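A.B. asks: In UniProt numbering, the protein residues as written are 1 to 222. Cβ coordinates follow ideal geometry from the N, Cα and C atoms, glycine included. Just so it is clear, the structure is predicted and the values come from calculations on it, not from any experiment. Once you've had a glance at the structure underneath, I'll fire off some questions.
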Ligand SMILES: Cc1cc2nc3c(=O)[nH]c(=O)nc-3n(C[C@H](O)[C@H](O)[C@H](O)COP(=O)(O)O)c2cc1C
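Laid out in structure tokens, this is it:
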């Protein structure tokens, strides 16, 4: 698989089979992803990989919180600005329409949307997941480094025939994740990532993208 194919075939997959992901594949992917760039080569990512019993335990504990209607944990970072301006507001709304529309869920059907969202905390059925942390004293450039690293992981997973879904949703149950992983106190959970083989029977939308001239400005010659 060439890089273009890895990039264009990667998408957020939200339905996985229970087919296990071999440990050596995850080790190969994460070893290669370590070559991701970072400012001054800080490599500010801290990754925990969960499979088997510990992942089942995490899903169980998170599921119990969802079922109990537990409030989300206090935020350690804001996922989005409190007010999303144009064009981001419209893009988010289009994403919601695509995502829930593909599942036949109406915009105002909050119960169905809640149910669909809850699948996050079951890792959409995935048999493997990773959780990526960053030190709390790191700034935006290091958070960007972590983003590059995570994208590298997702592309390498494609090269292995695997799919993934990055999940900030896990940050709202970060204390439950911490119960299972016991990370040091000075780390913040940025996001989780479900990993596995796609369950092709699960209906999901393919998102679109803004046209190139909305996001890229060429200055200069050919
Ligand atoms: C950092 C990050 C966090 C995300 N968190 C979630 C999440 O919690 N739950 C989810 O279903 N999708 C999540 N996504 C997936 C995005 O919704 C998805 O990448 C976006 O809509 C573009 O669609 P595509 O990845 O299928 O191309 C996340 C993506 C990123 C990059």
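Starting from residue 62, trace the alpha helix (DSSP H) in both directions and tell me its first and last residue.
C.D. replies: Counting from one through the chain shown, the residue named residue 62 turns up at place 62. Here the alpha helix (DSSP H) through residue 62 covers 52–68.
A.B. asks: Quick one: residues with CB closer than 6 angstroms to any heavy atom of ligand 1, in chain order, please.
C.D. replies: 11, 12, 14, 95, 120, 165, 166, 167, 168, 169, 191, 207
A.B. asks: For residue 193, does the count of other Cβ atoms within 10 angstroms reach 16, so buried, or fall short, so exposed?
C.D. replies: Taking the first residue of the chain shown as position 1, residue 193 is located at position 193. When all chains shown are included, residue 193 counts as buried.
A.B. asks: Helix, strand or coil, according to DSSP, for residue 104 in the structure here?
C.D. replies: Working through the chain shown from its first residue, we reach residue 104 at position 104. Coil.
A.B. asks: Give me, in chain order, the residues of the same chain whose beta-carbon lies closer than 7 angstroms to that of residue 242; leave out the 5 immediate sequence neighbours on both sides.
C.D. replies: The chain is shown only over 1 to 222; residue 242 falls outside these bounds and no answer can be derived.
A.B. asks: Counting Cβ pairs, one atom from each stretch, are 3 or more of them under 8 angstroms apart for the stretch 117–128 and the stretch 188–205?
C.D. replies: The stretch 117–128 is in contact with the stretch 188–205.
A.B. asks: Considering Cα atoms alone, identify which of 41, 184, 15 is closest to residue 149.
C.D. replies: What you label residue 149 is simply residue 149 of the chain shown in a count that begins at 1. Per the Cα distances, 41.
A.B. asks: Assign residue 67 to one of two classes, buried (16 or more other C-beta atoms within 10 Å of its C-beta) or exposed (fewer than that).
C.D. replies: As a working note, residue 67 is residue 67 in the chain shown. With fewer than 16 Cβ atoms within 10 Å of its Cβ, residue 67 is classed as exposed.
A.B. asks: I want to know whether the stretch 48–60 touches the stretch 176–184 - three or more CB-CB distances under 8 angstroms.
C.D. replies: yes
A.B. asks: Kindly indicate which residue of 102, 94, 72 has the alpha-carbon position closest to the one of residue 208.
C.D. replies: If you number the chain shown from 1, residue 208 lands on position 208. If we check each option's Cα against that of residue 208, 94 comes out closest.
A.B. asks: Within the continuous beta strand (DSSP E) that includes residue 196, where are the two ends?
C.D. replies: Along the chain shown, read from residue 1 onward, the residue named residue 196 stands at position 196. That run of the beta strand (DSSP E) goes 187–196.
A.B. asks: Can you look up residue 166 in the DSSP assignment and give me helix, strand or coil?
C.D. replies: Looking up residue 166 in the chain shown gives position 166. The answer is strand: DSSP assigns residue 166 an E or B state.
A.B. asks: Using C-beta distances below 6 angstroms, list every residue in its chain close to residue 19, excluding the 5 sequence neighbours before and after it, in chain order.
C.D. replies: Numbered from its first residue, the chain shown carries residue 19 at position 19. For residue 19, where only same-chain residues beyond five positions count, the Cβ hits under 6 angstroms are 197.
A.B. asks: Is residue 47 helix, strand or coil by DSSP?
C.D. replies: In the chain shown, residue 47 corresponds to position 47, counting from 1. Three-state result, residue 47: strand.
A.B. asks: Between residue 135 and the rest of its own chain, which residues show a CB-CB distance below 7 angstroms, the 5 nearest in sequence each way excluded?
C.D. replies: As a working note, residue 135 is residue 135 in the chain shown. The residues are 44, 186, 187.
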